[in-house]
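S.K.: Structure in structure tokens, see below.
Quick look at the structure:
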């Protein structure tokens, strides 16, 4: 018996990366869970007997706890914008909004670092960035899965472990991270997507009413994903500006920080795959501090799953040269926000 998908189901699955939109064929990828784990994003989350908040609560998991994700379910009831639930091992179900899908993959150490540095991404659920290599109690930040960072050099700590010296892009500080926890991103992985499509035949639509982003080639949709655009908070409204924009400034990594952390501020190192569309800093970018796409909840930017933001980063213009921290051009890919 074939499973039927509603439009809402499609939007939920596409936000997780479980739907591929190629031409007009929609295909759910149920086999993507091999080796997947979940990291708790929020201060706490709870597991339930069934994929619904109305079910019996089983257990509380605390921030940064990591567990296997063994299956995915479409839940019943609220929240209607995100019906994805994860099966936590053999324990029960937890709503996906507070869980970052992760993997634990260590990497060989790259010892030859060019003068401009190398771009790398965290390939484990999290790793602590230290002020001094080997000084495990002197933590500057915790770097999370799929965040991106610039490697400056390799150094050996007093514990004999090789560390990457990370160049801080906002305050010109230095951090040290166990080298095995970062995967150097090869140049082939950042090549331009659809290079034969003329720039004027590529465009993006952002629909704030449905919290969806759609990429078009020749007026045909080629990519669709759920997003989180600007929301309303107690301290103010942060609506994503509607109208016509251009992606003329891009960078693969950025430490984003603003405001008071006690009053809706944020301090987010290694935000990946940033595509700016306004001079004030509104951008598409990857997201690791929530997994609740389909709901307006950002400070104005267009939050995307990191893999989706990387796809748009590679697909849009201008193309950022490999080993370059940013690029700017007067022209780019057209974006319409509705």
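In this note's numbering, the protein residues as written are 291 to 628. Cβ coordinates follow ideal geometry from the N, Cα and C atoms, glycine included.
For residue 602, report the span of its beta strand (DSSP E) as first-last.
M.R.: Counting along the chain, residue 602 falls outside any beta strand (DSSP E), though it belongs to the alpha helix (DSSP H) covering 596 to 605.
S.K.: Name the residue from 442, 426, 460 whose alpha carbon lies nearest to the alpha carbon of residue 449.
M.R.: When each option's Cα is compared against that of residue 449, the closest is 426.
S.K.: Assuming residue 583 is part of the beta strand (DSSP E), what are its boundary residues?
M.R.: Segment: none, residue 583 is in no beta strand (DSSP E) and carries neither H nor E.
S.K.: Assuming residue 572 contacts residue 531 (C-beta within less than 8 Å), just tell me the rounded distance between them.
M.R.: Going by Cβ atoms, the distance from residue 572 to residue 531 rounds to 6 Å, so yes, they are a contact pair.
S.K.: At which residue ranges does the stretch 357 to 403 contain complete beta strand (DSSP E) runs of 3 or more residues, listed in the order of the chain?
M.R.: As far as the stretch 357 to 403 is concerned, its whole beta strand (DSSP E) runs of at least 3 residues are 374 to 378, 382 to 385, 389 to 392.
S.K.: Hey, is the stretch 432 to 439 in contact with the stretch 483 to 490, meaning 3+ C-beta pairs nearer than 8 Å?
M.R.: The stretch 432 to 439, when compared against the stretch 483 to 490, does not touch it at the 8 Å Cβ threshold.
S.K.: Hey, would you say the C-beta of residue 357 is under 7 Å away from at least one heavy atom of the ligand ATP?
M.R.: Absence of the ligand ATP from the depicted structure is noted, as is the absence of any ligand whatsoever, leaving it without description.
S.K.: Please state if the CB of residue 596 and the CB of residue 576 are separated by a distance shorter than 8 Å.
M.R.: Yes, Cβ-Cβ distance for residue 576 and residue 596 is below 8 Å.
S.K.: Could you check which residue in 583, 547, 404 has the C-alpha nearest to that of residue 519?
M.R.: Taking only the C-alpha atoms, the option nearest residue 519 is 583.
S.K.: Have a look at the DSSP bridge pairing and note the partners of residue 420.
M.R.: Per DSSP, 429, 466.
S.K.: Given this structure, state the Cα-to-Cα distance separating residue 419 from residue 463, to the nearest angstrom.
M.R.: Using only the alpha carbons, I get a separation of about 11 Å.
S.K.: Tell me where the beta strand (DSSP E) around residue 575 begins and ends.
M.R.: Note, residue 575: beta strand (DSSP E), 573 to 577.
S.K.: Please go through the same chain and pick out, in chain order, the residues whose beta-carbon is closer than 7 Å to the beta-carbon of residue 447, but skip the five residues on each side of it.
M.R.: Within the same chain, residue 447 has close Cβ partners 423, 424, 453.
S.K.: Between residue 342 and residue 563, what straight-line distance do the alpha-carbon atoms span, to the nearest angstrom?
M.R.: Their backbone Cα atoms lie some 33 Å apart in a straight line.
S.K.: With DSSP collapsed to three states, give me the class of residue 589.
M.R.: DSSP places residue 589 in coil when its eight states are reduced to three.
S.K.: Determine the burial state of residue 349: buried for a count of at least 16 other Cβ atoms within 10 Å of its Cβ, exposed for fewer.
M.R.: Label assigned to residue 349: exposed.
S.K.: Please state whether DSSP places residue 484 in a helix, a strand or coil.
M.R.: It is coil, neither helix nor strand.
S.K.: So who's on the other strand from residue 526, going by DSSP bridges?
M.R.: Its beta-bridge partners are 523.
S.K.: Span of the beta strand (DSSP E) holding residue 538?
M.R.: Unbroken beta strand (DSSP E) run through residue 538: 533 to 548.
S.K.: Out of curiosity, what's the CA-to-CA distance linking residue 384 and residue 337?
M.R.: Approximately 5 Å between the Cα atoms of the pair.
S.K.: Near residue 570, what residues of its chain come up, given a Cβ to Cβ distance below 7 Å and the 5 sequence neighbours on each side ignored?
M.R.: Around residue 570: no qualifying Cβ.
S.K.: To the nearest angstrom, how far is the alpha carbon of residue 537 from that of residue 589?
M.R.: For residue 537 and residue 589, the distance between alpha carbons rounds to 19 Å.
S.K.: With a cut-off of 8 Å on the beta carbons, I'd call residue 545 and residue 600 a contact; round off their distance for me.
M.R.: Going by Cβ atoms, the distance from residue 545 to residue 600 rounds to 18 Å, so no, they are not a contact pair.
S.K.: Measure the alpha-carbon distance for residue 593 versus residue 430 and round it to whole angstroms.
M.R.: Between residue 593 and residue 430, the C-alpha separation is close to 25 Å.
S.K.: Checking 8 Å against the spacing of the C-beta atoms, do residue 433 and residue 560 come in under that value?
M.R.: Result yes, Cβ atoms of residue 433 and residue 560 sit closer than 8 Å.
S.K.: Nearest CA to the CA of residue 615: which residue from 339, 327, 565, 541?
M.R.: Cα-wise, what sits closest to residue 615 is 541.
S.K.: Consult DSSP for residue 453 and reduce its assignment to one of helix, strand or coil.
M.R.: Looking at residue 453 - three-state DSSP - the assignment turns out to be strand.
S.K.: With a threshold of 7 Å on Cβ separation, who are the neighbours of residue 480 within its own chain once the five nearest residues in sequence on each side are excluded?
M.R.: Result list for residue 480: 604, 612, in chain order.
S.K.: Could you check if residue 579 is buried or exposed, using at least 16 other CB atoms within 10 Å of its CB as the buried criterion?
M.R.: So residue 579 ends up on the exposed side.
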